[in-house]
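Shown next, in structure tokens, is the structure this report addresses.
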Amino acid sequence: MKTSTTLFLLLTAISLVSCNDAKLEKNITMYADTWDHIVNDGNIDLINNSNFTEDITLVMSPQNIVGIDGFKDYYQNFLTGFSDIKFTVVQVFGQGDNIVKHWNFKGNHTGDFFGIPATGNSVDIDGVTLVKMKDGKIAQEEDFMDNMVFMQQLGLLPNLENTTLINSIYEAFGKGDIPAVLEMMDKNIVWNESTSSSYSDGNPYKGPDAVLNGVFKRLGEDNEYFKLENIKLSPLGNDQVLAILNYDGKFKKTGEAYKTTVVHLWTLKNEKITTFQQYIGLGKQ
2 MKTSTTLFLL
12 LTAISLVSCN
22 DAKLEKNITM
32 YADTWDHIVN
42 DGNIDLINNS
52 NFTEDITLVM
62 SPQNIVGIDG
72 FKDYYQNFLT
82 GFSDIKFTVV
92 QVFGQGDNIV
102 KHWNFKGNHT
112 GDFFGIPATG
122 NSVDIDGVTL
132 VKMKDGKIAQ
142 EEDFMDNMVF
152 MQQLGLLPNL
162 ENTTLINSIY
172 EAFGKGDIPA
182 VLEMMDKNIV
192 WNESTSSSYS
202 DGNPYKGPDA
212 VLNGVFKRLG
222 EDNEYFKLEN
232 IKLSPLGNDQ
242 VLAILNYDGK
252 FKKTGEAYKT
262 TVVHLWTLKN
272 EKITTFQQYI
282 GLGKQ
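Residue numbers (the working numbering): 2 to 286.
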């Protein structure tokens, strides 16, 4: 009798585990497929009472969003604000009615996003969502992501990585490693010399080769030496970096040495220089 009871309990436990696993697998499949179609296919109408509970809750500060209409309006901002969207569920797992989703979102900010006008910037951000399911429907979500990085990618906050990149450009230039400088430029870079510079005759220089031939080679031909000194960098929003520095050089033709203060405004996109604007103070070039 004891053996029969033990066997019965064991089989019951195995059956329950199997049922729970099947339920979890079904929840995960439903969840991943639903968000794939909502974001990648732009099918916002899938946020409905067939896939979500009537009181679907997005946990956030300072106030939760509750209900299908509010939840739908919130995520409509992503579909309106971004084009070329690619939403990937990197990994998803769970226990019972609880699911954890690791995701990646890519897109181009080409539309209004929560009142933020289009910047044209690309975003590539990872995040995690904690999910609660109820009766096979999505009942609650809570997103976690690095909002500072997201804002930096949108160009709304200074990006310190841009400052590092610009600093590396100055270091490469100082070493005479012009190929490294050119490598950091976007293929469609637009480069403008100050109107008081003798090299402004080619403005705007378009593309790295134009900058090489119209500016860098002429600097080498015209100067006995040319150095950049006292470089101070300030990160700005909109993926821009401001540099204040000194030119220290000597003309070959006249033998005249010169020093001047200049300002450089750099704009970046996807870790490449897209535009450059030079402003020259008192002095000569």
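For each residue, glycine too, the CB sits at the ideal point set by N, CA and C.
Predicted model only: the values in this text are computed from it and were never measured.
CA-CA distance, Val182 and Phe174?
7 Å
Can you give me the start and stop residues for the alpha helix (DSSP H) that Met149 sits inside?
Asn148 to Leu155
Contact check, Leu246 vs Lys233, beta carbons under 8 Å:
yes
Near Ile100, which residues of its chain fall below 7 Å by C-beta distance, leaving aside the five closest residues on each side in sequence?
Asn28, Ile29, Tyr32, Val93, Val132 and Met134
When the Cβ atoms of the region 108-121 are set against those of the region 70-87, are three or more pairs found closer than 8 Å?
yes
Determine whether the beta carbon atoms of Val67 and Thr54 lie at a separation below 8 Å.
no
Could you check the C-alpha separation between Asn214 and Asp37 for me, to the nearest Å?
48 Å
From Ser199 to Asn160, what distance separates their C-alpha atoms?
33 Å
Please confirm whether Ile48 has its beta-carbon closer than 8 Å to some beta-carbon of chain E.
Looking at the structure shown, chain E is missing, and only one protein chain is on hand.
Would you identify the three-state DSSP class for Asn28, choosing helix, strand or coil?
helix
Report the option in Lys176, Phe217, Gly177 and Glu184 whose CA atom is closest to the CA atom of Glu194.
Phe217
Option nearest Arg219 by Cα separation, candidates Gln278, Asn109, Asp202 and Thr120
Asp202
Classify Met186 as buried or exposed, calling it buried when 16 or more other Cβ atoms lie within 10 Å of its own Cβ.
buried
Report the option in Val60, Ser169 and His103 whose CA atom is closest to the CA atom of Asp127.
His103
If I measure Cβ to Cβ from Lys107 and keep anything under 6 Å in the same chain, skipping five residues before and after, which residues do I get?
Lys87 and Asp125
Among Ser51, Lys253 and Ile281, the one whose alpha carbon lies nearest that of Thr196
Ile281
What span of residues does the alpha helix (DSSP H) with Asp223 cover, start to end?
Lys218 to Asp223
Give me, in chain order, the residues of the same chain whose beta-carbon lies closer than 7 Å to that of Asn224; leave out the 5 immediate sequence neighbours on both sides.
Gly250, Lys251, Phe252 and Lys253
For Val212, the first and last residue of its enclosing alpha helix (DSSP H):
Pro209 to Val212
By Cβ distance below 6 Å, which residues in the same chain neighbour Thr120 in space, the five residues on each side in sequence not counted?
His110, Leu155 and Gly156
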